[in-house]
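Working notes, structure below.
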Amino acid sequence: MSPPDRPSLRATLRASPRLSDRWLWGRDEALALAEIAHGSCLGGHLEQLAGRSVLLRTGDPLFAALALIELDGVARRIVLCPPDLTDADLPLAAETAGVDAVVFDGALPALRLTDALFVAMRLPLTPLGNPPVAAFATEWVMFTSGTSGVPKMVIHRLAGLTGAIKPAATGDAPPVWGTFYDIRRYGGLQILLRALLGEGSLVIAGPREPIADFLQRLGHCGVTHLTGTPSHWRQALLRPAARAIAPAYVRLSGEIADQAVLDSLKEFFPGVPIGHAYASTEAGVGFEVNDGLEGFPAAFLGRVGDVEMRVEDGSLRVRSARTAGAYVGDAAGPLVGDDGFVDTGDMVELRGDRYHFVGRRNGVINVGGLKVHPEEVEAVINRHPAVRMSLVRGRRNPITGAIVVAEVVLHATGETNGTIKDEIMAACRRDLSPFKTPASLRFVPALAMTAGGKLERVVA
Amino acid sequence: MTVRSAILEKFQDVAARLDKRLAPLTDETVLLDSGLDSLSFAIIVATLEDDLGVDPFTTAEDVYFPVTFGDFVAFYDNALKADVAA
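Which chain is which? The protein sequence lines are A and B, in order.
Numbered per this note's numbering, the first sequence spans residues 5 to 464.
Numbered per this note's numbering, the second sequence spans residues 297 to 382.
Structure (structure tokens):
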């Protein structure tokens with residue numbers, strides 16, 4: 005068992021010089037961080053949770069944030085359930101992670117565990133004098149966003165999770181963070197930690213809160229730093245409510261940020277710095293790109309420091325102090341190769357002095373033996389000014405096994421005329437090999453997204 | 297529009313799209329000599345499925361690929377008749 009390698013979240017908050025004007029805003033509740041730092045929503049059971057492996061199953065992500073603050077340093081392990089983890093997955097997850105306590109909001113989770121402690125969270129917070137001693141470097145167990153089968157669990161520690169977070173500059177106005185991500189996933193958790201450790205506040209999206217409502221709330225709370233996937237941002241910019249926000253910093257991660265989405269954001273928020281970050285649940289935060297261009301400078305590969313990168317067999321490999329320690333359970337296999345590098349499965353291509361992301365290794369469409377990454381085709385389609393977003397997939401074909409087809413969402417509906425289609429197809433023919441050019445292209449009103457905020461890709 | 301003219305138009309359309317020089321098509325034209333490659337045929341079959349609602353290559357019980365343009369048209373004709381009968 006590791007001793008703590010840094011102050012707990014609660015201790016950090018209690019030491020904050022300007023805690024009084026910091027907040028966590030949920031959909032239904034606004035909670036002062038001062039109250040959270042000195043209170044508990046665990047009904048007097050915090051002491052009993054010390055040293056346990058706690059499954060954190062919440063309906064409202066605000067409660068997840070509260071529990072993380074309370075349990076960091078106190079629990080031996082926190083298993084943070086993402087919203088799309090099904091009840092059917094719970095028993096195996098609990099067994100694999102050696103869970104002996106369950107913390108939940110709302111209804112009792114559908115999970116039978118003998119000898120486990122079940123603790124319901126309730127508001128309002130009750131004052132807490134002296135919290136239990138933070139005796140652990142708590143293991144934070146996160147679920148990878150696998151698309152099939154039972155998601156894998158990876159172990160992080162707070163020091164690794166917060167490795168990419170720089171201390172807040174004193175004198176700056178306290179940031180108000182917001183994220184389209186769910187904070188129970190890696191991308192969202194990063195933002196929760198940034199807000200908590202960076203003298204900030206956070207606006208948390210409610211369960212299934214419509215994006216337009218969330219945008220209104222973000223505007224109302226005066227969000228200054230807002231993050232999401234490129235898909236989140238494309239969806240947000242379609243809503244008139246996007247005019248309600250005036251962020252000072254915009255950040256994208258989780259999917260390939262193509263030039264089209266970077267340019268749309270630049271146009272929508274003139275003068276606002278727009279960064280895109282590369283991170284994965286396994287590898288942690290890799291790097292950030294802030295020059296407004298897609299891809300990343302090839303010079304990043306030579307850098308030494310916390311994060312080292314290399315390209316092998318066309319995929320990006322990352323070695324980092326922030327890499328998750330291991331998968332939970334023996335069956336999952338080693339997370340890291342012998343040399344400490346994680347194969348991210350993200351395929352990159354060198355063009356000039358910049359690497360561009362071309363797609364996921366396992367998302368490749370095979371057209372008569374030739375490989376097509378859906379994302380490289382989408383990047384070309386998305387460059388058309390009338391296009392908001394697109395999804396490219398393989399369709400079964402008796403001649404070549406598969407062919408490329410595209411579904412496209414336009415900024416304005418009703419504009420689905422032949423001219424736009426012809427222009428998009430002409431651009432594809434100009435910039436892509438014939439086998440990569442969509443054989444059919446149709447306009448759709450919307451595209452499905454995963455719980456993690458990424459485009460839903462169905463493998464043909 | 298007849299099935300034959302729909303298919304003919306599709307051949308010309310895809311040839312233009314992929315910059316292929318299409319040979320004059322008669323019933324006797326061997327498809328491999330038509331100037332189109334396998335990607336062209338893949339696109340023709342996919343887009344004909346969109347337009348006509350059938351893909352005889354997938355529904356056919358035998359592994360069969362028509363040899364001439366006339367065979368190709370007949371293949372679709374028969375599939376459409378079967379589709380109507382079903």
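Glycine included, every Cβ here is placed at the ideal spot set by N, Cα and C.
- Taken atom to atom, the span from the alpha-carbon of A:R188 to that of A:L451 is near 23 angstroms.
- For A:F140, the secondary structure class from DSSP, reduced to helix, strand or coil, is coil.
- When Cβ-Cβ separations below 8 angstroms define contact, A:A443 makes contact with chain B.
- DSSP places A:T423 inside the alpha helix (DSSP H), whose first and last residues are G422 to D435.
- In the DSSP assignment, A:A410 falls within the unbroken beta strand (DSSP E) covering G405 to L414.
- In the DSSP annotation of this structure, A:G77 is not part of any alpha helix (DSSP H), being labelled neither H nor E.
- DSSP, reduced to helix, strand and coil, places A:T16 within a helical segment of the structure shown.
- Any Cβ of chain A closer than 8 angstroms to the Cβ of B:D367 would place that residue at the interface, and such an atom is absent.
- Below the 7 angstroms Cβ cutoff, chain A contributes I403 as neighbours of B:F337, in chain order.
- Taking 8 angstroms as the Cβ-Cβ cut-off, the region 379-409 of chain A approaches chain B at R399, R400, N401, P402, I403, T404, I407 and V409, given in chain order.
- Against chain B, the CB of A:P87 has no partner CB under 8 angstroms away; the residue lies outside that interface.
- Close to chain B, meaning a Cβ-Cβ distance shorter than 9 angstroms, are the following residues of the region 428-441 of chain A: M429, R433, P438, F439 and T441.
- Secondary structure of B:E324 (DSSP, three-state): coil.
- The beta carbons of A:L165 and A:L193 sit closer together than 8 angstroms.
- For a Cβ distance threshold of 8 angstroms, residue set R399, N401, I407, V409, A443 and S444 of chain A lies close to B:A342, ordered along the chain.
- Taking the Cβ atoms as the reference, A:T231 lies roughly 6 angstroms from A:I195, within the contact range of under 8 angstroms.
- Spatial neighbours of A:V107 in its own chain (CB-CB distance under 6 angstroms, excluding positions within 5 residues in sequence) are listed in chain order as V58, L60, A71 and V123.
- Straight through space, the alpha carbons of A:L66 and A:L129 are spaced by roughly 13 angstroms.
- The DSSP-derived three-state label of A:V293 is strand.
- Cβ-Cβ distances below 6 angstroms link A:Q263 to E298 in the same chain, with the five nearest sequence neighbours on each side left out; the list follows chain order.
- Minimum Cα-Cα distance from A:K440 among the listed residues B:L314, B:Y372, B:P320 and B:L348 corresponds to B:L314.
- Apart from the 5 residues on each side of it in sequence, A:E213 sits with its Cβ closer than 7 angstroms to the Cβ of R31 in its chain, given in chain order.
- Within 8 angstroms of the CB of A:G372, the CB atoms of chain B belong to S334, L335 and A338, in sequence order along the chain.
- Taking 8 angstroms as the cut-off, the Cβ atoms of A:D88 and A:A455 count as close.
- For B:T325, the nearest beta carbon of chain A is not closer than 8 angstroms to its own beta carbon.
- Collapsing the DSSP output to three states places B:F368 in a helix.
- Following the DSSP letters along the chain, one finds A:G363 inside the beta strand (DSSP E) bounded by residues R358 to R364.
- DSSP, read as helix, strand or coil, puts A:I249 in coil.
- The beta carbons of B:L344 and B:I303 sit closer together than 8 angstroms.
- Looking at the DSSP output, A:K375 bridges to A:N370.
- Listed by position along chain A, the residues whose Cβ is nearer than 7 angstroms to that of B:T354 are P402.
- The beta carbon of A:I73 is closer than 8 angstroms to those of L13, R14, L17, I40, A41 and L200 in its chain, skipping five residues each way along the sequence.
- For A:G299, no beta strand (DSSP E) encloses it, and the DSSP letter there is neither H nor E.
- Listed along chain A, the residues sitting closer than 8 angstroms to B:D346 by beta-carbon distance are S444.
- Taking the CA atoms as reference points, A:H236 sits about 31 angstroms from A:A98.
- In the structure shown, A:T231 adopts extended strand secondary structure according to DSSP, grouped into three states.
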